[in-house]
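Chemist: Everything in the sequence shown is counted per our numbering, starting at 574 for the first residue and increasing by one. Every residue, glycine too, gets a C-beta built ideally from N, C-alpha and C. Remember, it's a predicted structure, so these values are computed and weren't measured experimentally.
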Amino acid sequence: MKCVYVCGYGRSGSTLAGRMLSAQSGHVAVGEATHVGSDSFLATAHCACGRKYPTCGYWAAVDRCLTAAAGPTALSRRARIFLEGLPGLIVPLTLLRRLVLRISFSDRYPQNSFADGVRLLTAVSGGGFVDISKTTRSTANRPRLLAASGMNVELHLAWLPLRRVVRSRQAAAIRQGRSASRGMAVVSVVTGRMLAHVAARRCAQSLRSSLPRVDLDEFIRLAAHVSEIDEQLNHMIAGNRSRRHGIDAQGE
Ligand SMILES: [Zn+2]
Numbered sequence: 574m575k576c577v578y579v580c581g582y583g584r585s586g587s588t589l590a591g592r593m594l595s596a597q598s599g600h601v602a603v604g605e606a607t608h609v610g611s612d613s614f615l616a617t618a619h620c621a622c623g624r625k626y627p628t629c630g631y632w633a634a635v636d637r638c639l640t641a642a643a644g645p646t647a648l649s650r651r652a653r654i655f656l657e658g659l660p661g662l663i664v665p666l667t668l669l670r671r672l673v674l675r676i677s678f679s680d681r682y683p684q685n686s687f688a689d690g691v692r693l694l695t696a697v698s699g700g701g702f703v704d705i706s707k708t709t710r711s712t713a714n715r716p717r718l719l720a721a722s723g724m725n726v727e728l729h730l731a732w733l734p735l736r737r738v739v740r741s742r743q744a745a746a747i748r749q750g751r752s753a754s755r756g757m758a759v760v761s762v763v764t765g766r767m768l769a770h771v772a773a774r775r776c777a778q779s780l781r782s783s784l785p786r787v788d789l790d791e792f793i794r795l796a797a798h799v800s801e802i803d804e805q806l807n808h809m810i811a812g813n814r815s816r817r818h819g820i821d822a823q824g825e
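#1: Can you find a heavy atom of ligand 1 that lies under 7 angstroms from the Cβ of H829?
#2: Between C638 and ligand 1, is the CB less than 7 angstroms from at least one heavy atom?
#3: Answer with yes or no whether the minimum CB distance from V691 to chain D is below 8 angstroms.
#4: Check each candidate in S698, M809, S741, H770 and name the one with the smallest Cα separation from A731.
#5: Let me check you understand the geometry: is the CB of R624 closer than 7 angstroms to at least one non-hydrogen atom of ligand 1?
#6: Between the Cα of V759 and the Cα atoms of L780, S779, R774, R737, which residue gives the shortest distance?
#7: Around the C-beta of A745, are 16 or more other C-beta atoms found within 10 angstroms, so that it is buried, or is it exposed?
#8: Taking all protein chains shown into account, do 16 or more other C-beta atoms lie within 10 angstroms of the C-beta of M593, making it buried, or fewer, making it exposed?
#9: Curious, which full-length beta strand (DSSP E) runs of at least 3 residues does the segment 719-775 contain?
#10: Given this structure, state the Cα-to-Cα distance separating L694 from N807, to the nearest angstrom.
#11: With H, G and I counted as helix, E and B as strand and the rest as coil, what does DSSP make of V577?
#12: Measuring CB atoms only, is the segment 607-620 touching the segment 645-654, in the sense that at least three cross pairs come out at less than 8 angstroms?
#13: Decide if the segment 660-668 is in contact with the segment 628-640; the criterion is three or more beta carbon pairs, one per stretch, under 8 angstroms apart.
#14: Run the proximity test for W632: is its beta-carbon closer than 7 angstroms to any non-hydrogen atom belonging to ligand 1?
#15: What's the call for A590, buried or exposed, on a 16-neighbour Cβ count within 10 Å?
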């Protein structure tokens, strides 16, 4: 069971990185797998193949598998949120291995333990998947949870220079009609990005893994060739249609 995991901060090229790593590894790109099972996210989510969740062949199979599994999990939703986010980073891996059998995979599929949900997702994906959930405040410890569930986790860091991340964030804020003050954007990006990078390094250290930066510019040069061969592997789900294909290469 293999997971190619894209760490880092938002607006740093993770969507494009996920597509490229999917094409390189031959594993299905699932987008931000942390959202699989969040009803509010899935209400507006579309797969990269254009269909609404879970009507495409891939996600329909995932949904069938996850729905069919039985057996309520013992620990509350709050425990999962705690363990998947920043606080989970202090929990030893040996303890996480026991806890992934007790916390639920997600809100939509509470009958699966985290470890079972990951195993089923991997089985439907043919042995591995590319997860771009990053290492933000709410997903900082996700790579370690995946490893504790028995996955062989290969880490990569989505990385763009700070000024490009700030620019991308401001552009996104303007598109969404939110306030786009540069000062606020810089403060928020600097702190969030630093935390995301610290979390990524902590995961790499704990999993004794390397953490290569994804060279996005190199990937963009290759993108024209890759896009034709990886369509069948691209089942990224996203709430925002414009981000599905990684069109927004400056950002996520
Ligand atoms: Zn699809």
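Modeler: So, from the listed chains and residues:
#1: Any answer about residue 829 is impossible in this case: the structure gives the chain only from 574 up to 825.
#2: no
#3: Reference to chain D is not applicable here, since this structure consists of a single protein chain.
#4: H770
#5: yes
#6: R737
#7: buried
#8: buried
#9: 725-731
#10: 15 angstroms
#11: strand
#12: no
#13: no
#14: yes
#15: buried
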